[in-house]
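Following full-length UniProt numbering, the residues of the sequence shown are numbered contiguously, the last one being 229.
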Amino acid sequence: MPNSVRTPGLHDPAVRKVLDRLFTEAVADETKTPSVAGALTAWGGLPSEAELTRISRIAEDALLPVPPEVGTLLYQLVRATGATTVVEYGTSYGISTIHLAAAVRDNGGGKVIGSELNETKAEIATANIAEAGLAEYAEVRLGDARESLLSVPGPVGLLLLDGWTPLFLNVLELLEPKLVTGSVVVADDTALFPEKLKDYFAHVRGEANGYTSLPLPIGDGLELSVRTR
1 MPNSVRTPGL HDPAVRKVLD RLFTEAVADE TKTPSVAGAL TAWGGLPSEA ELTRISRIAE
61 DALLPVPPEV GTLLYQLVRA TGATTVVEYG TSYGISTIHL AAAVRDNGGG KVIGSELNET
121 KAEIATANIA EAGLAEYAEV RLGDARESLL SVPGPVGLLL LDGWTPLFLN VLELLEPKLV
181 TGSVVVADDT ALFPEKLKDY FAHVRGEANG YTSLPLPIGD GLELSVRTR
């Protein structure tokens, strides 16, 4: 029998209020995006600890959010898969986290485990999530995701990669043992930094690695991959 229980979705007043505020702030913040993107493009391969610190400082004052349509897609993907454990690499101010946590809540409960390198951003994101009434469904882990996400419990139903792009493949490989057949992996900013993602694309598009994957022309470009084994 179909489930007739209505869920608040993204129309929950508390969720909507915070998202509307953050998206309004993001519009005013757009002037910072080119300079931040330009600075980040200067780094090539895997960053050292010192470079990660510099990257964190450069991006500290910029929201760098997913646009509303990407946020809605993330909500839909979590609802469609029924995911109750979601992992996010690169939380920033928590806009994507709020979309993900609202979906986990509407799936009946679970947890979004976010990661953020910058302490100020982690604190702001945590406050925004709480203001949206979703503190029960999300946590933001501070530090290098390659360390902070080591203890993530499985199975992971959805993984969002939205941090420093040269680390996408590292974070994916770290969490691959926690993925199961049907798990979804979403990589953001793929149209902005395609050169930095060649190895990532080769991995998720390679037939031998257990994914079916395709690019989506939405926002700053997405790569949507589904685990097939």
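Ideal Cβ placement from N, Cα and C applies to all residues, glycine included.
Asked: Please report the residue range of the beta strand (DSSP E) in which Asp188 lies.; Found: Leu179 to Asp188
Asked: Give the C-beta separation of Gly163 and Ala145 to the nearest angstrom, bearing in mind that I take them to be a contact with Cβ-Cβ under 8 Å.; Found: 6 Å
Asked: Could you work out which residue in Glu69, Ile95 and Val86 is closest to Val15 when comparing CA atoms only?; Found: Ile95
Asked: Is it the case that the Cβ atoms of Arg227 and Gly154 are separated by a distance below 8 Å?; Found: no
Asked: Alpha carbon to alpha carbon, what distance is there between Glu116 and residue 239?; Found: Lying outside 1 to 229, the shown extent of the chain, residue 239 is not represented and no answer is given.
Asked: How would you call Met1, buried or exposed, if buried means at least 16 neighbouring beta carbons within 10 angstroms?; Found: Per-residue confidence for Met1 stands at a pLDDT of 39, beneath the threshold of 50, marking its modelled position as unreliable; the derived number appears in the next sentence. So Met1 ends up on the exposed side.
Asked: Which of the three DSSP states, helix, strand or coil, is assigned to Thr72?; Found: helix
Asked: How big is the Cα-Cα spacing for Leu150 and Glu88?; Found: 13 Å
Asked: Tell me, please, which residues DSSP counts as bridged to Ile113.; Found: Val87 and Glu139
Asked: Considering only residues of the same chain and omitting the five flanking positions on each side of Gly221, which have a CB-CB separation below 7 Å?; Found: Asp189, Thr190, Ala191, Leu192 and Pro215
Asked: With burial defined as no fewer than 16 other Cβ atoms inside 10 Å of the residue's Cβ, what is the status of Thr91: buried or exposed?; Found: buried
Asked: From Ala132 to Lys17, what distance separates their C-alpha atoms?; Found: 8 Å
Asked: Taking the Cβ atom as the reference point for each residue, do Glu139 and Ile113 lie within a distance shorter than 8 Å?; Found: yes
Asked: Using a Cβ-Cβ cut-off of 8 Å (strictly less than) and excluding sequence neighbours within five positions of Thr84, which residues of its own chain qualify?; Found: Val104, Asn107, Gly108, Gly109, Gly110, Lys111 and Gly157
Asked: Just mark Ala122 as buried or exposed, buried being the case when its beta carbon has 16 or more other beta carbons within 10 Å.; Found: buried
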